[in-house]
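In order, the protein sequence lines correspond to chains U and E.
Counting in this note's numbering, the first sequence runs from 1 upward without gaps.
Counting in this note's numbering, the second sequence runs from 1001 upward without gaps.
Reading through the structure tokens given below for one structure.
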Amino acid sequence: MKSISGESFEVRLAENDSMIVFKGALRLSGMEDYAPILEMLKGTLSDPFAPIVLDLRELDFLNSSGITMLSRFVIEARNRDGINLRFFASESIGWHARSLQNLQRLMPALTISFT
Amino acid sequence: MTSEILGHIGPPDERSEFLSLSFSPLGAPLRHRWRNNGVSADFLGDYVITFLPANGSMATERSQSEIRHAVTYIANEFLENAMKYHERHVDIPIGIRLELAGDHITLSASNGVGFAQAQRYKGFAEYILQENAGDQLVTQLEKSAAAPESGESCLGLLTMINDYRAELGWRFEFHPAYPGVMMVTTSAILPIGTAAGESA
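So this is what it looks like as structure tokens:
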């Protein structure tokens, strides 16, 4: 699956399946609803040598279930050898700086690039 | 009606400017109400910034955006929790209230909860009041990943404290008309300076 979308969001695979681009406001009702997105994210871990990028620069809103979903992906990446994971974030979206650094506590090797 | 208080929560300040919304839990299926949570939370976020003074620390577009997001995030989490855990089949409204004071914003949500669920929630409230929220947040995320089937993480409350510097409080009281049902009010106080992310 290359793209998952809803009324207020889109999650899309790009760049030879090594980048996932998030847009809009993600406030699904729980982990069951987030499962397809988590599966898409985990799919990027199949090639341990390709850098993986999550582009969050246009993700305006993420509820706590979405943060849980992202954290499960980060922990999965951390637990595999050699995964090179980077987030693209936005300085103009306040929650990026505040909440994404919690994920760095889970995976210190996670790189977050703000633009 | 006797009540038990945890953390910091006061009575509604009727002298302050406030906005109060109320929803009937019997009015629509959960999935439809879920969509309305986002609409209501966005509305509260947009509403609050129209009342902030256009001077001092509130002058920048960035800080207004930070406050709008903090209010929207907390309102959304409160409404999601209220919809998830509200006692079904009792006609107790789910309420959310936004109060504006000079140096802080208070958001509070109330709903009816079964006694056993209220006890679990109270236990979690006591736990998060005792420990460092940042450490608890990481612990909960690790636990959630290790046991994906476990449902309740209360992560939303921890992010309110850790990411938005909110001061939380709870009031638990038995509902006078429904034996075995407790009214639970959860409150978040956002100091306006830290809601803007300036000193966080």
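Every residue, glycine too, gets a C-beta built ideally from N, C-alpha and C.
Is any heavy atom in the ligand SAM found nearer than 8 Å to the beta carbon of residue i?
i      : result
G82(U) : With respect to the ligand SAM, the structure offers nothing, as it holds no ligand at all.
Relative to the C-alpha of residue i, which candidate in the options has its C-alpha closest?
i        : options                                : result
H1032(E) : K1084(E), S1065(E), G1102(E)           : K1084(E)
H96(U)   : M31(U), A14(U), G66(U)                 : G66(U)
G6(U)    : M19(U), D33(U), E15(U)                 : D33(U)
E1142(E) : R78(U), P51(U), M40(U), L38(U)         : R78(U)
I1067(E) : N1037(E), L1079(E), L1044(E)           : L1044(E)
D47(U)   : D55(U), I75(U), L85(U), I37(U)         : L85(U)
S1016(E) : L1155(E), K1122(E), A1101(E)           : A1101(E)
E81(U)   : L45(U), S18(U), I112(U)                : Residue identity differs from the one stated: residue 81(U) is Asp in this sequence, not Glu. Residue L45(U) is the option with its Cα nearest to D81(U).
S71(U)   : W1170(E), I1092(E), P1148(E), L1098(E) : P1148(E)
D17(U)   : P36(U), F87(U), A35(U), M40(U)         : M40(U)
P1029(E) : A1118(E), R1171(E), R1088(E)           : R1088(E)
For chain E, find out if any of its Cβ atoms is closer than 9 Å to the Cβ of residue i; answer yes or no.
i       : result
G82(U)  : no
R27(U)  : yes
T111(U) : no
F61(U)  : yes
L45(U)  : no
L41(U)  : no
R57(U)  : no
T115(U) : no
S90(U)  : no
Does any residue of chain U have a CB that is nearer than 9 Å to the CB of residue i?
i        : result
Y1085(E) : no
L1155(E) : yes
L1141(E) : yes
D1103(E) : no
D1046(E) : no
A1082(E) : no
G1038(E) : yes
S1065(E) : yes
N1055(E) : Summary for N1055(E): the model assigns pLDDT 48, below 50, so the residue's position carries little reliability; its value from the coordinates is reported in the next sentence. Answer no: the Cβ-Cβ gap between N1055(E) and chain U never drops below 9 Å.
N1132(E) : no
To the nearest angstrom, how far is it from the Cα of residue i to the Cα of residue j?
i        : j        : result
N1055(E) : M1182(E) : At N1055(E), the pLDDT of 48 sits below 50, so the modelled position is not reliable and the matter cannot be decided from this model.
R1120(E) : L1157(E) : 14 Å
N1081(E) : R1165(E) : 19 Å
L103(U)  : D60(U)   : 17 Å
T1186(E) : Q1136(E) : 19 Å
I1161(E) : A1133(E) : 6 Å
E1014(E) : Y1047(E) : 18 Å
N1036(E) : E10(U)   : 19 Å
M69(U)   : M31(U)   : 7 Å
S1150(E) : F22(U)   : 26 Å
I4(U)    : A1125(E) : 36 Å
G24(U)   : E58(U)   : 6 Å
G1010(E) : I1192(E) : 18 Å
S1063(E) : T1050(E) : 13 Å
T1159(E) : Y1127(E) : 15 Å
A50(U)   : I1005(E) : 52 Å
S1144(E) : G1169(E) : 24 Å
K42(U)   : L1052(E) : 43 Å
G1197(E) : R1171(E) : In this predicted model, G1197(E) has a pLDDT of only 46, less than 50, meaning its place in the structure is not dependable enough to derive any value.
Looking at residue j and residue i, is the spacing between their C-beta atoms short of 9 Å?
i        : j        : result
L62(U)   : L26(U)   : yes
S1020(E) : I1096(E) : yes
A1075(E) : A1041(E) : yes
P1176(E) : S1108(E) : no
G1114(E) : G1027(E) : no
A109(U)  : L100(U)  : no
F73(U)   : L38(U)   : yes
I83(U)   : L54(U)   : no
V1138(E) : L56(U)   : no
E1173(E) : S1003(E) : yes
Going by beta carbon distance, what residues of the same chain come within less than 6 Å of residue i, once the five residues before and after it are set aside?
i        : result
L1129(E) : G1007
I1189(E) : H1104, T1106, E1167
E91(U)   : F114
C1154(E) : F1124
E1077(E) : G1156
Take residue i and list the residues in its own chain whose beta-carbon comes closer than 7 Å to its own, dropping the five residues that flank it on each side.
i        : result
G94(U)   : none
V1090(E) : G1112, Y1178, V1181
In its own chain, which residues sit with a C-beta less than 8 Å from the C-beta of residue i, not counting the 5 before and 5 after it?
i        : result
Q1140(E) : S1153, C1154, L1155, L1158
L1098(E) : F1018, L1019, S1020, L1044, Y1047, V1048, V1071, A1075, I1105, T1106, L1107
H1211(E) : What the structure shows of chain E is the stretch from 1001 to 1200, and residue 1211(E) is not part of that stretch, so it cannot be assessed.
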